[in-house]
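Working notes, structure below.
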Amino acid sequence: MTRDPLVGTTQAGYTLLDRVGEGGTATVYRATHPEHGTVAFKALREKLRQDRTAVARFVREAGFGTRVQHPNVIRTIQTGEEKGLPFLVIEWAAGELLESYAKRHAPFPPDEVSAVITQIAGAVFAAHSAGIVHRDLKPDNVMYDHESRTVKLLDFGIATSTDATQDQRLTRAGFFVGTLMYVAPEALSGEIVSPAADQYSLATMAYLFLTGTLPYTARSPRDMFTQLLSQPPIPLNKAKPELQFRPEVEAVVMKGLAKLPGDRYRDVVAFADALAEALKDPFPATAPAGLLSKMKGLFGR
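This is the structure:
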């Protein structure tokens, strides 16, 4: 394995200790700083440093991260460029990516679903209040510390301002941005989306955490694209035969997954509050004793 040339170097006063992750546009390092302690140092990948759009998105992410202040949003410490290397320094968050945790543990206990969704909703609402739509809300963009049940929203790399003009957009018309399994149907046209699109993504996450599966079962991106545009999501109570929730729980999740933005809740916090209330008593009292015991056993950790 080729050694990363940045590991062991000092960039803008940050000593890069090891590489901890790599995405399509940036590499993330665990770093240390005399004043800030342990941090995450995010550097634009070398092959993209001459790409104007990639650099613009990276700078935009830094700007958005600075604008959104909330306990459940990763704190931006510093942004800049060091000898041609655009970088972003953010707080070092405990835990792991929620995607990894969900793969091992979903479905979650209902009270854990409520805690996680409520915190993410608060973070996303803070972004919306700052005029920002995240556009890529998914478990892979959330850090999760299971011990404290604390989440931290990260990665505003493809976020957009709600007042962005056509000329300010970094996405060509007819192309969507985001992750297909979590993207709202209205985003598939490539047009600027409203905060309601983030609510759809959050409802998809809630569906996953409650059932361990997603509301669509497409086998290919093309099938997924078609299903999102033309078919309703699988009802929550049909996701798995061994899982049955009260109608109130299903109604909340499916309202968040409504095809039309106007048919969803007024905002992400309203969705999260409704879900938390429904999850106080999540299972139907009329469920057969054997099924109820089996359902509760799914959540025993």
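To get the numbering used here, take the position in the sequence shown, counting from 1, and add 51.
In this text, a Cβ means the ideal position worked out from N, Cα and C, and glycines have one as well.
- For T78, the pairing in a beta bridge is given by DSSP as E73, A94.
- With respect to G307, A257 sits close: the two C-beta atoms are nearer than 9 Å.
- Contact between Y80 and V71 holds: their C-beta atoms lie close to 6 Å from each other, under 8 Å.
- With a cutoff of 9 Å on beta-carbon distance, T60 and F109 are scored as not near each other.
- Taken atom to atom, the span from the alpha-carbon of I171 to that of P161 is near 15 Å.
- Under the three-state reduction of DSSP, K203 is assigned to strand.
- Beta-bridge partners of F138 (DSSP): A94, G131.
- For T211 and L136, the gap between their C-alpha atoms comes out near 24 Å.
- Taking all protein chains in view, the Cβ of E73 is surrounded by fewer than 16 other Cβ atoms within 10 Å, so the residue is classified as exposed.
- Assigned with DSSP and collapsed to three states, L308 falls in coil, not helix or strand.
- Taken atom to atom, the span from the alpha-carbon of E163 to that of D102 is near 42 Å.
- A residue is called buried once 16 or more other Cβ atoms fall within 10 Å of its Cβ, and L149 is buried on that count.
- 9 Å or more divides the Cβ of A181 from the Cβ of L259.
- The alpha-carbon of P284 is positioned some 40 Å away from that of R100.
- Selection D187, L294, P272, E198 evaluated against T255 yields D187 as nearest (Cα-Cα).
- Here the alpha carbon of L231 sits roughly 36 Å from the alpha carbon of A336.
- Assigned with DSSP and collapsed to three states, I171 falls in helix.
- As the crow flies, the alpha-carbon of A248 is around 7 Å from that of V234.
- Pairing P246 with D314 gives a Cβ-Cβ distance that is not under 9 Å.
- In the structure shown, E293 adopts coil according to DSSP, grouped into three states.
- V106 sits in a helix when the DSSP states are folded into three classes.
- The secondary-structure analysis by DSSP pairs S212 across a beta bridge with I183.
- For E133, the CB contacts under 8 Å within the same chain, skipping 5 residues up- and downstream, are Q62, A63 in chain order.
- For Y251 and H87, the gap between their C-alpha atoms comes out near 36 Å.
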